[in-house]
Every structure is written in structure tokens, then in C-alpha cells.
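Beneath this line is the structure, given in C-alpha cells, with notes to follow.
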Amino acid sequence: MTEFAHWRKSSRSTGSGNCVEVGYAAEAVGIRDTKDRHGGTLAVDHATWASFVRTIKQGHLNR
Numbered sequence: 001m002t003e004f005a006h007w008r009k010s011s012r013s014t015g016s017g018n019c020v021e022v023g024y025a026a027e028a029v030g031i032r033d034t035k036d037r038h039g040g041t042l043a044v045d046h047a048t049w050a051s052f053v054r055t056i057k058q059g060h061l062n063r
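Counted from 1, the sequence shown has number 17 at position 17 by the UniProt record's numbering; the numbering is strictly sequential.
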């Protein structure tokens, strides 16, 4: 089982609790819901995470 460390959420998140957190491990990046931290973690490899973040920053997921 992968142990993720250094969990953090966006500095743009509000106190409403509707956030996700991201944690890091050598082999993967973990994503979890702040409302249910023990409810499970989505794990993706570092290349997939980097591609996702790049897509967001380029504005391709804007509504």
C-alpha cells in the first residue's frame, strides 16, 4: 500500500470543506476528499498528474 505524505489543498480553497487534497509518494500522487479523508484515495502516476495540472493551467477545462 502506498503511503502518501505532505497532503495539501489549494491555497485558493475556502473554508467550506468542498476541497480535494493532494499527497505525494515516490511512485504516485494521491487525491482525496477533505470531507472524508479515510474514504479512499485516487492514485495516479506522476506523469498523469503533471498532464492534468498542465491542462488546467492552460485553461482547457474551463467552463
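Beta carbons are placed, not taken as given, at the ideal position from N, Cα and C, and that holds for glycine.
Let me know the secondary structure DSSP gives residue i once reduced to three states.
i, result
"Ala47", "helix"
"Lys9", "strand"
"residue 77", "Since the first residue of the chain shown is 1 and the last is 63, residue 77 is not available in this structure."
Could you give the distance in angstroms between the alpha-carbon of residue i and the alpha-carbon of residue j?
i, j, result
"Ala26", "Asn18", "27 Å"
"Leu61", "Ala50", "15 Å"
"Gly23", "Arg32", "8 Å"
"Ala28", "His38", "18 Å"
State yes or no: is the C-beta of residue i nearer than 6 Å to some heavy atom of the ligand MG?
i, result
"Arg54", "Only the bare structure without any ligand can be found here, which leaves the ligand MG out of the picture."
By DSSP's criteria, residue i is part of a beta bridge. Which residues make up the other side?
i, result
"Gly15", "Beta-bridge pairing links Gly15 to no other residue."
"Gly23", "Gly30"
Return yes when the Cβ of residue j is within less than 7 Å of the Cβ of residue i, no when it is not.
i, j, result
"Glu21", "Thr34", "yes"
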